[in-house]
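Remarks on the structure that follows.
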Amino acid sequence: MIDKILDKVNQSKELNKQEILQLFKITDEDDFKKLLSTASYIRDSISEDIKLTSTIHLTNICKVSPKCKYCGFASNTSKEGYYSGFYKKHDEILKIAECIDKTEIPRISCSGAHGYNGRQAIEAAKIVKGKTSLELLVNVGTDLTPSAIKELSKYNTDTICCNLETINEELFNELKPGEQLRDRIKVCEMVCEEGIELSSGLLIGIGESYEDRVNHLLFLKRFKTLGEIPVMGFNPYKGTPMEHHPKCSIEEQMKTIAITRIIYPKIRITVPTPTIGPKNAKYSLLAGANNLATVVPQNYPLNIKGVGSPSYGNLEDVLNIVDDLGLKVSSKY
Ligand code: SF4
């Protein structure tokens, strides 16, 4: 059965929903290996370049209320996270961006909490795109207006990210009681209307079914400028309402990455090093991912904690992983 589905993939034929679901249901070890090698072959046949993305957290003071149940990033949510509120000053953003610009990392993500109508993102875009050669992804979730998106475009923002997390609305409402799924979809639509590349991903291991994941992956096809799909495995943050919910296994993350690659051969699949765990970053590449995020050089100038987990990928380690797998880090513009 699996061989038949993977043969179809190898002939570049589109899979139907049932076939994708069968791939998610793989339990046999050999079938799992075949799935991974099919996915990584697809990636390598298009490009063996692996993108690295670093990060600047702009603010953790979030006006969403109640807070998302898994969130350990916003102020006062988890002692493992930042906990105290901060808002990065312009000179701090510049210092970090300049530090990253001197490394092999070609791209930076500027992300932050909600409640500023995109001002925090626009200020960061002005600095990063005005003073460095870095590619820029901005992620402030739904905290964007149409005019803020236009301004981000004016400052040459390369990508705007708005993760839907899950399109199972009941689950979304349960885990994100201060947000509405339709608002996230609306932001994705606005980004597409502006002609900016959209990044929109899945948070997995939060109680969603395989069918939810399939529906989600197929739902993303409607977004015309979709260029990136982050696959984020859930990690519990101490002190949050989900601290006892089990973390998402590596196998589930690999399976989801591989299936995403099969459905979207050319897309950038992003795996944040904090959510997979820095030591496991290589497994995401073996499954067909081509962007490792939250990669931080040794001399990163400020205190940093990952989103989804406080740990993050060290640049030296990540370069070694990419090299050991015979892949190469994509160069700057
Ligand atoms: S996940 Fe984002 S939107 Fe939700 S509470 Fe945390 S910072 Fe705010």
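Under our numbering, the final residue of the sequence shown carries the number 689; numbering is consecutive throughout. Built from N, CA and C at the ideal position, the CB exists for glycine as well. The structure displayed is predicted, hence computed values, not measured ones.
What does DSSP give as the partner residues of residue i in its beta bridges?
i: Met588; result: Leu559
i: Ser410; result: Ile464
i: Gln597; result: As written in the sequence, residue 597 is Pro, which differs from the Gln given in the question. Paired residues: none, contrary to the question.
i: Pro630; result: Pro630 is not bridged to any residue.
i: Asn670; result: Val652
i: Val685; result: Ile406
i: Leu574; result: Leu574 is not bridged to any residue.
i: Leu582; result: Leu554
Tell me whether residue i sits in a helix, a strand or coil according to DSSP, three-state version.
i: Gly486; result: helix
i: Leu531; result: helix
i: Thr517; result: Residue identity differs from the one stated: residue 517 is Cys in this sequence, not Thr. The answer is strand: DSSP assigns Cys517 an E or B state.
i: Ile677; result: helix
i: Val496; result: coil
i: Ile625; result: strand
i: Asn659; result: coil
i: Leu554; result: strand
i: Leu377; result: helix
i: Ile415; result: Checking the displayed sequence, the identity of residue 415 turns out to be Thr instead of Ile. Here Thr415 sits in strand by DSSP.
i: Val543; result: helix
i: Glu491; result: strand
i: Asn647; result: strand
i: Leu537; result: helix
i: Leu508; result: helix
i: Leu371; result: coil
i: Pro602; result: coil
i: Thr690; result: Outside the shown range of the chain, which is 357 to 689, sits residue 690, and nothing can be said about it.
i: Tyr639; result: helix
i: Ser665; result: coil
i: Ile361; result: helix
i: Asp568; result: helix
i: Asp384; result: coil
i: Ser421; result: coil
i: Thr522; result: coil
i: Tyr620; result: coil
Would you say the beta carbon of residue i comes nearer than 6 Å to a heavy atom of ligand 2?
i: Glu535; result: This structure simply doesn't include ligand 2; it includes ligand 1 instead.
Below 8 Å, can you find three or more Cβ-Cβ pairs linking the region 609-622 to the region 657-664? At 8 Å Cβ cutoff, the stretches do not touch.
What is the chain-ordered set of residues for which the beta carbon lies under 6 Å from any non-hydrogen atom of ligand 1? Spelled out in chain order, the answer is Cys418, Val420, Lys423, Cys424, Cys427, Phe429, Ala430, Ala469, His470, Gly497.
Contact between the region 524-541 and the region 487-506 (3+ Cβ pairs under 8 Å): The region 524-541, when compared against the region 487-506, does touch it at the 8 Å Cβ threshold.
Between the region 391-401 and the region 543-563, are three or more C-beta pairs nearer than 8 Å? Touching, no, given that fewer than three Cβ pairs across the two stretches are closer than 8 Å.
As an exercise, report each continuous alpha helix (DSSP H) stretch of at least 4 residues that is fully enclosed by the region 426-482, in chain order. Whole alpha helix (DSSP H) segments, 4+ residues: 446-457.
Is the region 458-478 close to the region 399-416, with three or more CB pairs under 8 Å? With a cut-off of 8 Å, the region 399-416 and the region 458-478 count as touching, because enough Cβ pairs lie within range.
On the three-pair Cβ rule with 8 Å, is the region 370-384 touching the region 425-440? Contact between the region 370-384 and the region 425-440 is absent, with fewer than three C-beta pairs closer than 8 Å.
Cβ pair count under 8 Å reaching 3, the region 621-638 against the region 584-593: The region 621-638, when compared against the region 584-593, does touch it at the 8 Å Cβ threshold.
Count the CB pairs spanning the region 514-523 and the region 544-560 that are closer than 8 Å, and state whether there are at least three. Output reads yes: the region 544-560 touches the region 514-523.
Is there contact here, the region 456-467 with the region 639-655, by at least three beta-carbon pairs under 8 Å? At 8 Å Cβ cutoff, the stretches touch.
Taking one C-beta from the region 635-646 and one from the region 604-619 each time, how about it: are there three or more such pairs within less than 8 Å? Remark: three or more beta-carbon pairs, one from each stretch, lie closer than 8 Å, so the region 635-646 and the region 604-619 are flagged as touching.
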